[in-house]
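As structure tokens, the structure follows; a few thoughts come after it.
Numbering (my numbering), first residue to last: 56 to 265.
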């Protein structure tokens, strides 16, 4: 039966919702890292009534955030502070999401993603990490220059070897017969000239001057 004065219609969103929160997380070395985090979640359509009956409308504060804080602290405590500021961030996000999913099993809520939007490290550590990154970049740049110079040196070596081999081939090809033939050609051209000429030879080169 429908009783208009006693029936209440409650609308719960089934689309993806976003919770934004700032938390202080512990690191493996005992530092405190402040992070701005987004939690993307949604209600499972088939579990809406169950969530309302067991948790109520304030399920973000009652269920999601307490589980998030616990999971985030447990996960971050296994990582160094520098990891949260590096490529390890994605691993931390995924581990927090997976741990939340495990602890919320059967509660009617799906955690889609946990995103660490910004990380604020202690001042001294932040400067040290930046210095280290700059040093690594300089080292990579120097390695690139050295590799390029080695490649250029190798190219010049190959080029020099090619020139040397070519010269050896030419030198070896100039045997006495060829040298003698070239001499005859040169003398023949001189003989054809109208100018007075004196030709001095070693006496071994045949003269074919007409």
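Positions of the beta carbon are idealized from the N, C-alpha and C atoms, including for glycine.
Taking the alpha carbon of residue i as the reference point, which residue from the options has its own alpha carbon closest?
i           : options           : result
residue 98  : 110, 88, 91, 92   : 110
residue 267 : 77, 140, 166, 203 : Shown here, the chain extends from 56 to 265; a query on residue 267 therefore has no answer.
residue 120 : 174, 83, 222, 158 : 158
residue 88  : 214, 175, 221     : 175
If you draw a straight line from the alpha carbon of residue i to that of residue j, how long is it in whole angstroms?
i           : j           : result
residue 122 : residue 100 : 21 Å
residue 128 : residue 80  : 6 Å
residue 131 : residue 147 : 7 Å
residue 170 : residue 92  : 6 Å
residue 86  : residue 178 : 12 Å
residue 172 : residue 205 : 42 Å
residue 117 : residue 162 : 12 Å
residue 216 : residue 145 : 52 Å
residue 141 : residue 218 : 51 Å
residue 203 : residue 223 : 30 Å
residue 115 : residue 197 : 51 Å
residue 195 : residue 108 : 59 Å
Label residue i either buried or exposed according to how many other C-beta atoms from any shown protein chain fall within 10 Å of its C-beta, with 16 as the threshold for buried.
i           : result
residue 211 : exposed
residue 137 : buried
residue 125 : exposed
residue 193 : exposed
residue 200 : exposed
residue 84  : exposed
residue 208 : exposed
Could you tell me the boundaries of the beta strand (DSSP E) in which residue i lies?
i          : result
residue 75 : 72-81
residue 98 : 87-98
Can you determine whether any heavy atom of the ligand SAM sits closer than 7 Å to the C-beta of residue i, and answer yes or no?
i           : result
residue 140 : Annotation note on the ligand SAM: not contained in the displayed structure, which lists no ligands.
What span of residues does the alpha helix (DSSP H) with residue i cover, start to end?
i           : result
residue 103 : 103-109
| task | Report the residue ranges of all alpha helix (DSSP H) runs contained in full by the stretch 127-167; include only those spanning at least 4 residues, in chain order. | result | 144-158
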